[in-house]
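Protein sequences, first through last, are from chains A and B.
Under this note's numbering, residue 112 is the last one in the first sequence; the count climbs by one each step, no gaps.
Under this note's numbering, residue 226 is the last one in the second sequence; the count climbs by one each step, no gaps.
Report on the following structure.
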Amino acid sequence: GQQLNQSPQSMFIQEGEDVSMNCTSSSIFNTWLWYKQDPGEGPVLLIALYKAGELTSNGRLTAQFGITRKDSFLNISASIPSDVGIYFCAGHEGTSYDKVIFGPGTSLSVIP
Amino acid sequence: DSGVTQTPKHLITATGQRVTLRCSPRSGDLSVYWYQQSLDQGLQFLIQYYNGEERAKGNILERFSAQQFPDLHSELNLSSLELGDSALYFCASSVWDSLPSTQYFGPGTRLTVL
């Protein structure tokens, strides 16, 4: 079946540094979603991307829908301690949530 | 706070038992989804209801069942529990049953099967 790979698996960065992570798929997707999960909480949608090449920002977060439609990237600028958590990418071919596939996540730790 | 509530927050039970997890969606949301999150499988979609009717099924075991009631709250029933069923179970809701309607996740129920 379809699988998503996320890299890196985990990151330890200094406060104030920029962060980059990516997600790759073996299949073409029409939609990419990026979520953040804080410890003890459910995932929260950060950014949704619907078109190849699309670049979307949400505050210090910027995500891009790869041109090949098989990958997506998330950048966080000037990291702060509250950025700590697990970042999940998710993608699927259509628009219905039941077909969404989640990546394994990237764990981010920010050192003050 | 996403507006989605789940109870209980933690549940510890024994193998072979049956449990019921409850979810109240955000006010106005018609669609409810259940997910299982485990360390080895990640976040897996189980089942979706829309306005009281089952809309889609994912990787849900036959020992598991769910329903959505007229007031739109939903329950996930897990029976004949096995050690491998230990996981976080999330409920999510959205206004409509597809994108771009945003999906909001609840805080989850942590199930431990001993």
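From the three backbone atoms N, C-alpha and C, an ideal C-beta is built for every residue, glycine too.
Every value quoted in this text rests on a predicted model; they were computed, and no experiment measured them.
| said: When you compare the CB of B:Tyr162 with every CB in chain A, is at least one pair closer than 8 Å? | reply: Here residue 162 of chain B corresponds to residue number 50 of the second sequence, with the count starting at 1. The beta-carbon of B:Tyr162 is placed no less than 8 Å from the nearest beta-carbon of chain A.
| Three or more C-beta pairs below 8 Å linking the segment 4-24 of chain A and the segment 92-107 of chain A | By the C-beta criterion, the segment 4-24 of chain A is judged to be in contact with the segment 92-107 of chain A, since at least 3 inter-stretch pairs fall below 8 Å.
| said: Beta-carbon within less than 8 Å of A:Phe73's beta-carbon, same chain only, minus the 5 sequence neighbours each way: which residues are those? | reply: The sequence position of residue 73 of chain A within the first sequence is 73, counting from 1. Once the five neighbours on either side are set aside, the close Cβ partners of A:Phe73 are Ser20, Met21, Asn22, Cys23, Ala63, Gln64, Gly66.
| message | Quick check on the DSSP output: what are the complete beta strand (DSSP E) runs of length 3 or more inside the segment 191-222 of chain B, in order along the chain? | response | As far as the segment 191-222 of chain B is concerned, its whole beta strand (DSSP E) runs of at least 3 residues are 199-206.
| field | Among B:Gly220, B:Thr224, B:Gln179, the one whose alpha carbon lies nearest that of A:Pro39 | value | For the purposes of this step, residue 39 of chain A is identified with residue 39 of the first sequence, where counting begins at 1. Residue B:Gly220 is the option with its Cα nearest to A:Pro39.
| Alpha carbon to alpha carbon, how far is A:Ile47 from B:Pro137? | Locating residue 47 of chain A in the first sequence gives position 47, counting from the first residue. Locating residue 137 of chain B in the second sequence gives position 25, counting from the first residue. One C-alpha to the other measures close to 21 Å.
| task | Please classify B:Pro120: is it buried, with 16 or more other beta-carbons within 10 angstroms of its beta-carbon, or exposed? | result | As a first step, residue 120 of chain B is located in the second sequence; it is residue number 8 there, counting from the start. Exposed, because fewer than 16 other Cβ atoms sit within 10 Å of the Cβ of B:Pro120.
| query | Considering only residues of the same chain and omitting the five flanking positions on each side of B:Ala126, which have a CB-CB separation below 8 Å? | reply | As a working note, residue 126 of chain B is residue 14 in the second sequence. Closer than 8 Å at the Cβ level, and outside the excluded window around B:Ala126, lie Leu193, Val225, Leu226.
| When you check each C-beta in the segment 35-47 of chain A against every C-beta of chain B, which residues fall closer than 9 Å? | If the cut-off is 9 Å between Cβ atoms, the segment 35-47 of chain A has Tyr35, Gln37, Gly40, Glu41, Gly42, Pro43, Val44, Leu45 near chain B.
| field | N- and C-terminal bounds of the beta strand (DSSP E) containing B:Phe181 | value | Taking the second sequence and counting its residues from 1, one reaches residue 181 of chain B at position 69. Judged by DSSP secondary structure, B:Phe181 falls outside any beta strand (DSSP E); it is assigned neither H nor E.
| task | Could you tell me how far apart the beta carbons of B:Phe202 and A:Gly91 are, in whole angstroms, since I believe they sit closer than 8 Å? | result | The residue labelled residue 202 of chain B in the question sits at position 90 within the second sequence. The residue labelled residue 91 of chain A in the question sits at position 91 within the first sequence. So it is not a contact: roughly 18 Å between Cβ atoms.
| Considering only residues of the same chain and omitting the five flanking positions on each side of B:Ser198, which have a CB-CB separation below 7 Å? | Position 86 of the second sequence, counted from the start, is the residue given in the question as residue 198 of chain B. Spatial neighbours of B:Ser198 in its own chain (CB-CB distance under 7 Å, excluding positions within 5 residues in sequence) are listed in chain order as Leu223, Thr224, Val225.
| Excluding the five sequence neighbours on either side, which residues of its own chain have a C-beta within less than 6 Å of the C-beta of B:Lys169, listed in chain order? | Reading the second sequence from its first residue, position 57 is the one you call residue 169 of chain B. Excluding its 5 nearest sequence neighbours in each direction, B:Lys169 has C-beta neighbours in its own chain below 6 Å: Ile159, listed in chain order.
| query | When you compare each of B:Gln180, B:Leu200, B:Gln129 to B:Arg167 by their alpha carbons, which one comes out closest? | reply | As a first step, residue 167 of chain B is located in the second sequence; it is residue number 55 there, counting from the start. Out of B:Gln180, B:Leu200, B:Gln129, B:Gln180 has the C-alpha closest to the C-alpha of B:Arg167.
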